[in-house]
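Residues in the sequence shown are numbered from 562 upward in steps of one, following my numbering.
Okay, structure first, notes after.
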Amino acid sequence: MLWAGPKCHIVHDPFQGWRSFNLVVTYHNDAPEPVAGKPVGAGQIRKGFEHVSPMARQIIDKERDWKLWGLCDRDPIMTCPESRMALQGDAAHPMLQYFAQGACMAMEDAVCLSALVGDGGDIPEILTAYQKKRRLRTARVQLQSRKIGEHIYHPDGAHAALRNALMSAKTPEQWYDTVEWLYGGTGLMGV
């Protein structure tokens, strides 16, 4: 379940027959420094959601053990500067969480590189081929993940109203067609 609002969103997924939930909240807080796993109080989390539905705020109030993580991404790089090494996952292409594809891209990287190494050959050539096979797909995921954060998850005003109208007009099949490039096929080559 996704609750999207201006500059914030909540995602919760049920486990164990709806007895447990994975709960993730994201809001713009203009963090002055990078943080990873820093414990924070519920009051600090609530500040980012004062402007959203009371029902969504009730979900936040269920959690007691909050940790703060800074979100990081960067523009895609098209080549690895060293011809005798391969970067994978976040080292190669850190991305925002909106597509939930960070770990997936790391696994695709590993499968692609493994297949190329398994075919044998010169390591620098294999690494060059690996970069060529992965760079456009991972760049697309990085850039589109950033854009859906801006245009789908966190807009407000007229932008949010337009998003709501466009999203509610699509059938499930049409939604699948918009993300088939991401979830269909092997993802090892192409975009």
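Positions of the beta carbon are idealized from the N, C-alpha and C atoms, including for glycine.
Buried versus exposed, by CB contacts within 10 Å (16 or more), residue i
i, result
"Ala-565", "buried"
"Cys-633", "exposed"
"Met-656", "buried"
"Leu-727", "exposed"
"Leu-677", "buried"
"Val-601", "exposed"
"Val-586", "buried"
"Gln-705", "buried"
"Gln-619", "exposed"
"Leu-563", "exposed"
Bridge partners - residue i, DSSP secondary structure assignment
i, result
"Gly-566", "Cys-569"
Pairwise C-alpha distance: residue j and residue i
i, j, result
"Trp-630", "Glu-669", "25 Å"
"Thr-689", "Arg-695", "10 Å"
"Ile-571", "Ile-713", "13 Å"
"Tyr-691", "Val-702", "17 Å"
"Asn-725", "Val-672", "37 Å"
"Met-616", "Met-639", "44 Å"
"Pro-593", "Gln-605", "15 Å"
"Arg-635", "Ala-597", "17 Å"
"Ala-576", "Leu-584", "Residue 576 is actually Phe in this sequence, not Ala. If I take the Cα positions, the gap works out to 11 Å."
"Asp-683", "Ala-647", "14 Å"
"Trp-579", "Gly-745", "28 Å"
"Pro-567", "Glu-711", "9 Å"
"Ser-729", "Gly-663", "27 Å"
Whole beta strand (DSSP E) runs in the region 574-634 with 3 or more residues, listed along the chain?
-> Scanning the region 574-634 from its first residue to its last, the whole beta strand (DSSP E) runs of 3-plus residues come out as 581-588, 597-601, 627-630.
Three or more C-beta pairs below 8 Å linking the region 728-738 and the region 607-614 | These segments do not touch.
Mind listing, in chain order, the continuous alpha helix (DSSP H) runs of no fewer than 4 residues lying wholly within the region 662-702?
-> Taking only runs of at least 4 residues, the alpha helix (DSSP H) segments lying wholly in the region 662-702 are 663-679.
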